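Chains as they are written, first to last, in the numbering used here: chain G, 1 to 295; chain F, 1 to 325.
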């Protein structure tokens, strides 16, 4: 068996792939956080819970309504995004003009409520969600075995991230969004319905989180706390990347996932802390983040 | 909806320098109430309230008087709990050494975390403190001396100065009350000192404080270390009282709870965190048997406080009386 730095190649590539997958989730979630923060000036602490809601919606659709993975991939983001729109209209909109920290506290409270409800309903242990039949099996690449589903997750996440980037950077809608991030009052004065855009942006960010949740369901078990610890790592990713750049979020997300995967191979004990350590180093060298602008 | 404009800072009812007499009266009333409380209430419950009240006061020093929201204060509380537990159980330290040792550990940790976190402000500060605390959580999860999921159990309460037998709950209560009052009065003295005035100036307008020549970062760091040390004092005392240090003490839920206590009582008020701690600890006791309803209710209180009750209990009371409490 081939070895690389004393580690069997299949193990190394396996962890690298898992790192890429984790990185895909970091990228999608930090992207959503960045888009929401840009327009609403709120750090959405509920993001992890909404990712979990996406996974649970897929599970409920399968077990209660018999709707499979592909339906879930389409409908779960829409449904969870709709709850996000309700949250924005009913709660977050009332925080206009207050310190940004109140948004963090409110969404933290919401996350506790949502996680508590799901734990009461489903217990704390994970529920299995099968890989869809079309994506079972895998390819033997010679140096490693590549499960089809994992390849799919990496490819589709990349596609979604890049599509989001294209929409924001290259379309008219995206230019409104960027303008409103810079100066909402001026954009409003030009006749664009900024409040509606704020609501839809929040809904979109939440839908992204739910989409990631559906993707994650067959890989990890579906459990009420699956998003709770993840969101804290994503916060660290956001601090490392800075929220100024969409492409920056994507690159940072995938990059850190890979670094975490490699750490799992070479120094397993440090794998859960490596991202936080990188955050500390980045704070020392470049406090505004790798892609951030100094404020 | 109006565009999201200039943020309104988190802060207390405008505190004026004159007339602190009502606050002194309130302190006297609080001491009297705490002195007779064990006649009416279970001392172990009271000790829990006092430990968390001190923790919440220490947290409030940062958010209320410097405007920094730390979402990782469990790191200091839990570190001190482990340090006190390890020192008392494994090294055989008496409580009068174990708790100061724990406080020193938290202060040192506060120096490192604060040094990193004050590089960013506002929302980033909250995320950084949360992430650093989570890093420490994972470290403690694996570290051999913490006992992993079991925690450090059966920590001996010992004898204070070789004389007072702390295994008696009532004796322990008087010691905890003394520790609480010492910490509380230190915070009270700090916020009314010239140093505290500078902290408030930083909270109100950081660029102006800088332009007046204050080295803002040093003030922030000192306040952070003080807050971390006092959180450690609370955590170390808690470990001795309950003879237990566990992962619960360092988990992010603990960081969230202390935020909630300060919020319910009133951010930036002197007595708010104490009232908030009493409310939340009572609530936890009351709902303990109801599964995850505790989390749900705490979350709902968060939402309700942010939407409709931002001044908190003591803040509202102070507004009604027309005097900052």
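Beta carbons are placed, not taken as given, at the ideal position from N, Cα and C, and that holds for glycine. Fair warning: this is a prediction, and the values are worked out from it, not measured in the lab.
- Where residue 140 (chain G) is concerned, the enclosing beta strand (DSSP E) starts and stops at 138–140.
- Ranked by Cα distance from residue 107 (chain F), the options F:233, F:258 and F:314 are led by F:233.
- Residue range 172–182 is occupied by the alpha helix (DSSP H) that includes residue 173 (chain G).
- In chain order, 254 place their CB closer than 7 Å to the CB of residue 248 (chain F), counting only its own chain and leaving out the 5 sequence neighbours on each side.
- For residue 280 (chain F), no chain G residue has a Cβ inside 8 Å of its Cβ, as the nearest lies near 13 Å away.
- Rounded to the nearest whole angstrom, the C-alpha separation of residue 320 (chain F) and residue 185 (chain F) is 25 Å.
- Restricting attention to G:198, G:257, G:276 and G:231, the CA atom closest to the CA of residue 95 (chain G) is found in G:198.
- As a beta-bridge residue in DSSP terms, residue 147 (chain G) pairs with G:138.
- With a threshold of 16 other beta carbon atoms within 10 Å, residue 161 (chain F) falls short and is exposed.
- Under the three-state reduction of DSSP output, residue 185 (chain F) falls in the helix class.
- Note on residue 43 (chain F): 16 or more other CB atoms within 10 angstroms of its CB, so buried under the neighbour-count rule.
- Residue contact with chain F for residue 278 (chain G): absent (no Cβ-Cβ distance below 8 Å to any residue of chain F).
- Segment contact: the stretch 230–250 of chain G against the stretch 39–52 of chain G, three or more CB-CB distances shorter than 8 Å; contact assigned.
- In the structure shown, residue 212 (chain F) adopts coil according to DSSP, grouped into three states.
- Residue-level contact by beta carbon fails for residue 47 (chain G) and chain F, as no gap is shorter than 8 Å.
- In the three-state DSSP reduction, residue 218 (chain G) falls in the coil class, being neither helix nor strand.
- Under the DSSP assignment, residue 256 (chain F) falls in the alpha helix (DSSP H) whose first and last residues are 252–265.
- Between residue 302 (chain F) and residue 105 (chain G), the C-beta spacing is below 8 Å.
- Under the three-state reduction of DSSP output, residue 88 (chain G) falls in the helix class.
- Listed by position along chain G, the residues whose Cβ is nearer than 9 Å to that of residue 30 (chain F) form an empty set, because the closest Cβ is around 27 Å away.
- Collapsing the DSSP output to three states places residue 290 (chain F) in coil.
- For residue 151 (chain G), no chain F residue has a C-beta closer than 8 Å to its own C-beta; the minimum C-beta separation is roughly 29 Å.
- Interface criterion met: the Cβ of residue 259 (chain F) is under 8 Å from a Cβ in chain G.
- Interface with chain F (8 Å Cβ-Cβ cutoff): residue 166 (chain G) is excluded.
- Rounded to the nearest angstrom, the gap between the Cα atoms of residue 256 (chain G) and residue 123 (chain F) is 22 Å.
- Around residue 291 (chain F), the beta-carbon contacts reaching into chain G at under 7 Å are 120.
- Neighbours of residue 127 (chain F) across chain G, judged by C-beta separation under 8 Å: 43, 235, 236, 238 and 239.
- Within chain G, the residues 112, 113, 116, 117 and 120 have their CB atoms less than 8 Å from the CB of residue 296 (chain F), given in chain order.
- By the criterion of a C-beta distance shorter than 7 Å, residue 56 (chain G) is surrounded in its chain by 118 and 222, once the five residues flanking it on both sides are discounted.
- Distance between residue 118 (chain F) and residue 298 (chain F), taken at the CA atoms: about 29 Å.
- Looking from the CA of residue 128 (chain G), the closest CA among G:280, G:58, G:184 and G:194 belongs to G:58.
- One thing to note: residue 262 (chain G) has its Cβ no nearer than 8 Å to the Cβ of residue 20 (chain G).
- Between the alpha carbons of residue 166 (chain G) and residue 34 (chain G) lies a distance of about 15 Å.
- Under the three-state reduction of DSSP output, residue 288 (chain G) falls in the coil class, being neither helix nor strand.
- Beyond the five residues adjoining it in sequence on each side, residue 245 (chain F) comes within less than 6 Å, by CB distance, of 81, 82, 85, 151, 152 and 239 in the same chain, given in chain order.
- Contact with chain G is found for residue 302 (chain F), since one of that chain's Cβ atoms lies less than 8 Å from the residue's Cβ.
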